[in-house]
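In terms of my numbering, the sequence shown is residues 139 to 434. C-beta atoms are modelled at their ideal positions from N, C-alpha and C, and glycine is treated no differently. A short worksheet on the structure shown next.
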Amino acid sequence: MKFPRVSIVMPVYNRGYILEKILYYLTLQDYENIEYVIVDDGSTDNTSEIVKKFPKIKYIYRENGGCAAARNTGIKNSTGDIILFVDSDVFVPQDLARIHVKYHLKFPRAIVQGQIIRIIRIEDAFRQKFSIYDYSRSFFDTANVSVRKKDLENVGGFDEINFKKGWEDLDIGIRLLKDGVKVKRIIREGYVWHYEGDYSKKSILDFFEDRVREGKASVDFLKKYPTFQAKMMTMATPFFLWLSEKIFNKEFYKSDEFFDKIRKLIEKGEISKAISKVRFAGYCFHFEGIREKLKG
Numbered sequence: 139m140k141f142p143r144v145s146i147v148m149p150v151y152n153r154g155y156i157l158e159k160i161l162y163y164l165t166l167q168d169y170e171n172i173e174y175v176i177v178d179d180g181s182t183d184n185t186s187e188i189v190k191k192f193p194k195i196k197y198i199y200r201e202n203g204g205c206a207a208a209r210n211t212g213i214k215n216s217t218g219d220i221i222l223f224v225d226s227d228v229f230v231p232q233d234l235a236r237i238h239v240k241y242h243l244k245f246p247r248a249i250v251q252g253q254i255i256r257i258i259r260i261e262d263a264f265r266q267k268f269s270i271y272d273y274s275r276s277f278f279d280t281a282n283v284s285v286r287k288k289d290l291e292n293v294g295g296f297d298e299i300n301f302k303k304g305w306e307d308l309d310i311g312i313r314l315l316k317d318g319v320k321v322k323r324i325i326r327e328g329y330v331w332h333y334e335g336d337y338s339k340k341s342i343l344d345f346f347e348d349r350v351r352e353g354k355a356s357v358d359f360l361k362k363y364p365t366f367q368a369k370m371m372t373m374a375t376p377f378f379l380w381l382s383e384k385i386f387n388k389e390f391y392k393s394d395e396f397f398d399k400i401r402k403l404i405e406k407g408e409i410s411k412a413i414s415k416v417r418f419a420g421y422c423f424h425f426e427g428i429r430e431k432l433k434g
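What follows is the structure, given as structure tokens:
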């Protein structure tokens, strides 16, 4: 098929503060055979009013059930041959769908994974360059990944039961690999810009809380996949837990001294370095979540 239909699927939950900007750029795609599917996962803000401003968008509201359930709803209500997943805090360039299609035409059964540039200022979208701090080994990151719909259906979609609080993306990625789908990474094009919050003290603490939840969910992930690879992904092992106690200082990461260091890096324009330090600190709280889950 020369021009396969693409469905861009985006789950949304209470993103009213940024959603209009996100959707404006999303709907500028230069690929014609396309549809936009927004799944509102029970938002309590003005999300629905914002989406109504964009007539191109297919809007679906559902009761809150988590990202896995929302993405499954998007898949079921999509008409595309290719499902392109993006997140609701991601700025998308106008050629993204076309680039993903190019890879799918070359590789018929593929997880096409694009790179993500992390930003903390909205004005840096589309202008901040990819740096070493943005590099990720993830092979199924729903901020910028596409798969043929039939391959998603073959593996039963996202696991809504076991992974409501994280790891649903890697879970489906592993099942796709087992089904014979190969990972193909987009190189030197097709970037998206992920807005990580304004890096105020509150937004960083919220990020740490998210890492605690993901740490808890990683224990369930390891139970489902008790492999060496899964142990390396989750780091939910006695060795890593021991090592984390030697490396991390939880109280420091919640101190004014830490937030001052981050603020000074931002003031000096060292944005990627500031993001890297916060994400590194996030591992401390990932391990905290693991410990809490193991204690029951």
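Local conformation of F390 per DSSP, three classes: Correct three-state label for F390: helix.
Three-state secondary structure (DSSP) of M373: In the structure shown, M373 sits in coil (DSSP, three-state: anything other than H, G, I, E or B).
Where Q232 sits in the DSSP three-state scheme: Under the three-state reduction of DSSP output, Q232 falls in the coil class, being neither helix nor strand.
Buried or exposed by the 16-neighbour rule on C-beta atoms within 10 Å, applied to K190: Under this definition K190 is an exposed residue.
Identity of the residues DSSP links to R256 by a beta bridge: Bridge partners of R256: H332.
For V284, the residue or residues it bridges with in DSSP: It should be noted that the sequence gives Ser, not Val, for residue 284. Answer is L222 and V250.
Test item: CB-CB of D132 and R286 under 8 Å: Shown here, the chain extends from 139 to 434; a query on residue 132 therefore has no answer.
Backbone secondary structure at G181 - three-state DSSP: Checking the sequence, you will find Ser at residue 181 rather than Gly. Three-state DSSP puts S181 in coil, outside helix and strand.
Reference V224, options K140, L243 and V250, closest by Cα: Residue V250 is the option with its Cα nearest to V224.
Under 8 Å between C-beta atoms of Y337 and I270: 8 Å or more divides the Cβ of Y337 from the Cβ of I270.
Rounded straight-line distance, which links the Cα of M370 to that of K361: Those two C-alpha atoms are separated by around 13 Å.
Validate contact between the region 349-369 and the region 276-293 using beta carbons, cut 8 Å, 3 pairs: They do not touch, by the three-pair rule.
Where E173 sits in the DSSP three-state scheme: Look at E173 here: in three-state DSSP terms it is strand.
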